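Chemist:
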Amino acid sequence: MPTQPETLQFEAETKQLLDLMIHSLYTEKEIFLRELVSNASDALDKLRFSALTDSSLLPSGEELQIRIDADPDRRILTIRDNGIGMTREEVISNIGSIARSGTQEMLEELGKSKDTKETLEMIGRFGVGFYSAFMVADVVELETQKAGTAESTLWKSNADGTYSVAPGERRSQGTTVMLHLKPSDTDAGLADYTNDWTISSVVKRYSNYIAYPIRQRVQRPRKDEDDEAIIGPDGKTAFEDRTLNSMKPIWTRPESDVTDKQYAEFYKHIAGDWRDPSLHLRFKAEGASEYESVLFIPSEARGDLMLYGAEYGLQLYARRVMVMDRCEEVLPQFLRFVRGVVDSSDIPLNISRQTLQENRHLTGIRKFVGRKVLDALAKLQREDADKYRTVWGKFGSVIKEGISTDPQHKARIVPLLLFESSNDPKELTGLKDYVDRMKPDQTSIYYITGESRAIVANSPVIEAFIKKEYEVLFLTDQIDEFLVDRLKDFDGKPLRSVAKGDLDIDSGDAAKAAKEERQTQQQRLTSLFRKLEEHLEESVKQVRLSSRLTTSPACLTVDEDDMSPQMERILRTQAPDMAQPRQKRILEINGSHDVVRELHRRFERDSDDPAIADYAELLYGYATLAEGTEIKNPGPFNRALEGLMVRAARGTGDRPGDGPQPEAARA
Ligand code: ADP
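Okay, structure coming up:
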């Protein structure tokens, strides 16, 4: 190990961040203290956690604590902890580079933002960790010793793009951050951070919930001869340690005593987020299993929300002591966006990942946590529909997973579901509202799945439903395919895909008339359909008369038990190994459409008319494109279309076979 100071370069991103800090016009520079205290608290958590298996790591004869000391004459502010500390390598990798994901994210956001005001605000909201020290100090020193080792390291930088590391003099575990403060300048938001009152008010504002004492040594007049404080050299003053924070964990304080701002600060501390949460909830269980909890729903989804294997969980405490940072066992996976703490009286301090899984309390907690979060969402939906809508927009896709994965929560999730629908171009609808709007003769809840609202809303298969003013749910989220598969019905009404099976939506007298009309058409068109089937043998399993279409000539459907085209698409992209060759579809034809009538006339005149092959391709291609699927083999369709365009341009639309010949005819 080198014994001489070594000068190293900051990583490019770190340098960028430092420059930002040094030149920051952000006025609430006091957040640097929140960040440094938060780091110290994390270091103490880590130590306490490691000490569960090796108690020799704990400092001997000393309480775990954070100390803030000021030297007004030398303008030095020191933040000291006796936590886990860092090795030389850790200092270089943690402090020389950007460890936290939030910071990387912030730099990306900053890159996008043009507005300086916005930039400034972002610094404050993000909380940029250790580097925020450079908003108030021009030189920062960090001296640290890792618990269980004997060497300490001194890190120092004046933020000029380099830093030095050298052996330190510290002889006990933990970390001291020493700030050489810039001159105070109230106009630039630079208060005097050596002032006792300033320090204590900043700590109270941001760090009151920290679970370790944050102590400050203050000077006061000596009381009398028996004064037990440390007496100053003049004999008249006394020094005394004052604890600045309440230390009462937020989840143990009466709910009404904690302000929204305090909840928000706590959330930011545990979630590493710079935004306020959108919702917090508190609950407590007493009885066979005892625990208290504070949970948060963030305002934005993290980038890894939809990734398989993304880390999630709640902080697990055993009687006020954190035993695990991301405990998955206490949070249903479909609520993996939730952050917070569960503090249990029933789990042992030395719980490990393995024993965790066998702990019966945790299963109970997970179920209860699931219920409470879903209840809180239901309450939000009742009381603030707009806010609920926003939360749903961020996390709805994940919540939907619960319908398949957690049947015991299904009854609570169903009322939370929101979908796009033909009822309104913007507003989402819940199933209950859908049912309330159902027409008297309507027996099912109809839906269509597809890639986007633009595609499904223009799909020919919904025409007859829209004409009858039956509402159709537009299910455009990939998970929806799996959702409807599990959901099956709501309020006694089956959920039915408008694109599946042989639908007959007419009822009463209208149904009778429509049925007769269809029978006549069916008889008339059967031979034409067989001819079209011959031409489309490769791609279509049946050509039949449709009851779904009103204005379009054709659409594609599948049998009731077949996979929907959207499901096929999902499998092809997500699980290519499982994807089958594309299934053959049913081509449904609108018997009343002009094109079909004309085509039928041609067919009657000459059943071998070459135009019929062209029209078969065109109808099939039309129906394929309408549902947002690509045409697998575009050649025949394009040639048929080209032929049609040529004839139309020449004004000779009634003379078939003028255009390029279909492949089969040319061969
Ligand atoms: P964050 O705390 O969000 O990870 P920081 O830039 O504040 O980001 O700190 C970077 C890393 O440096 C921390 O993750 C931690 O590993 C280490 N660190 C910072 N302060 C301390 C400290 N007081 N004790 C031990 N490690 C620390």
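Heads up, the sequence shown is in the numbering used here, so the first residue is 3 and it goes up one at a time.
Glycine included, C-beta positions come from ideal geometry on N, C-alpha and C.
Remember, it's a predicted structure, so these values are computed and weren't measured experimentally.
#1: Using three-state DSSP, classify M88 as helix, strand or coil.
#2: Could you tell me whether any non-hydrogen atom of the ligand ADP is closer than 6 Å to the CB of N41?
#3: When you measure from the CB of T196 to every non-hydrogen atom of the ligand HEM, does any distance come out below 6 Å?
#4: Where V458 and D491 are concerned, what is the direct C-alpha to C-alpha distance, given to the nearest angstrom?
#5: Anyone know if the C-beta pair for L79 and L183 falls short of 7 Å?
#6: Check for me: the alpha helix (DSSP H) holding G404 runs from which residue to which?
#7: Any idea what DSSP makes of E539, helix, strand or coil?
#8: Measuring alpha carbon to alpha carbon, tell me which of R36, Q585, A515 and A577 ends up nearest N247.
#9: Buried or exposed for I232, going by 16 or more other Cβ atoms inside 10 Å?
#10: Quick one: grab the DSSP three-state call for V220.
#11: Looking at M308 and L318, is the spacing between their C-beta atoms short of 7 Å?
#12: Give me the Cβ distance between S159 and Y165, rounded to the nearest whole Å; I'm assuming they're in contact under 8 Å.
#13: How about F34 and M137: do their beta carbons lie closer than 7 Å?
#14: Would you tell me roughly how many angstroms separate the C-alpha atoms of L497 and V474, rounded to the nearest one?
#15: Could you check what DSSP says for P658 in three-state terms: helix, strand or coil?
#16: Quick one: grab the DSSP three-state call for Y314.
#17: What first and last residue would you give for the alpha helix (DSSP H) that runs through Y293?
#18: Measuring alpha carbon to alpha carbon, tell me which residue in D561, R304, Q359 and T254 is nearest R322.
#19: With distances taken from CA atoms, which of K396, S347 and E360 is nearest L337?
#20: Does at least one heavy atom of the ligand ADP sit under 6 Å from the Cβ of T164?
#21: Within 10 angstroms of the Cβ of Y133, are there 16 or more other Cβ atoms? Answer buried if so, exposed if not.
#22: Give the DSSP-derived three-state secondary structure of H595 in the structure shown.
#23: Is any heavy atom in the ligand ADP found nearer than 6 Å to the beta carbon of G131?
#24: So, helix, strand or coil for Y195, using DSSP?
#25: When the Cα atoms are used, what is the spatial distance from K428 to D493?
#26: The ligand ADP and A45: does the residue's C-beta get closer than 6 Å to at least one heavy atom of that ligand?
#27: Is M88 near the ligand ADP - that is, is its Cβ less than 6 Å away from at least one heavy atom of it?
#28: How do the region 535–552 and the region 504–515 stand: do at least 3 beta-carbon pairs fall below 8 Å, yes or no?
#29: Could you tell me whether the Cβ atoms of F545 and E536 are closer together than 7 Å?
#30: Return yes when at least one heavy atom of the ligand ADP lies under 6 Å from the C-beta of N96, else no.
#31: Do you know whose CA, among G63, G593, V39 and V296, lies nearest S180's CA?
#32: How should A512 be labelled, buried or exposed, when 16 other C-beta atoms within 10 angstroms of its C-beta is the threshold for buried?
#33: Starting from D83, trace the alpha helix (DSSP H) in both directions and tell me its first and last residue.
#34: Which partner residues does H182 have in the DSSP bridge list?
#35: Drop a sphere of 10 angstroms on the beta-carbon of E632, count the other beta-carbons inside from all chains shown, and report buried for 16 or more, exposed for fewer.
#36: Buried or exposed, going by whether 16 or more other CB atoms sit within 10 Å of the CB of P664?
Modeler: Answer, in terms of the structure:
#1: coil
#2: yes
#3: The ligand content of the structure shown is limited to the ligand ADP, which means the ligand HEM is not among them.
#4: 21 Å
#5: yes
#6: A387 to T407
#7: coil
#8: R36
#9: exposed
#10: strand
#11: no
#12: 4 Å
#13: yes
#14: 10 Å
#15: Note that P658 scores 48 on pLDDT, short of 50, meaning its location in the model is unreliable; the coordinates nonetheless yield the value given after this. Of the three classes helix, strand and coil, the one that applies to P658 here is coil, per DSSP.
#16: coil
#17: Segment Y293 to I299 is the beta strand (DSSP E) holding Y293; no alpha helix (DSSP H) there.
#18: T254
#19: K396
#20: no
#21: buried
#22: coil
#23: yes
#24: coil
#25: 25 Å
#26: yes
#27: yes
#28: yes
#29: It should be noted that the sequence gives Val, not Phe, for residue 545. Contact: no.
#30: yes
#31: Note on identity: in this sequence residue 180 is Met, with Ser being the wrong assignment. Measuring from the Cα of M180, the nearest candidate turns out to be V39.
#32: exposed
#33: Run containing D83: none in the alpha helix (DSSP H); it sits in the beta strand (DSSP E), I78 to D83.
#34: I78 and V141
#35: exposed
#36: Unreliable positioning characterises P664 in this predicted model, as indicated by a pLDDT of 44, which lies under 50. The coordinate reading is nonetheless provided below. It counts as buried.
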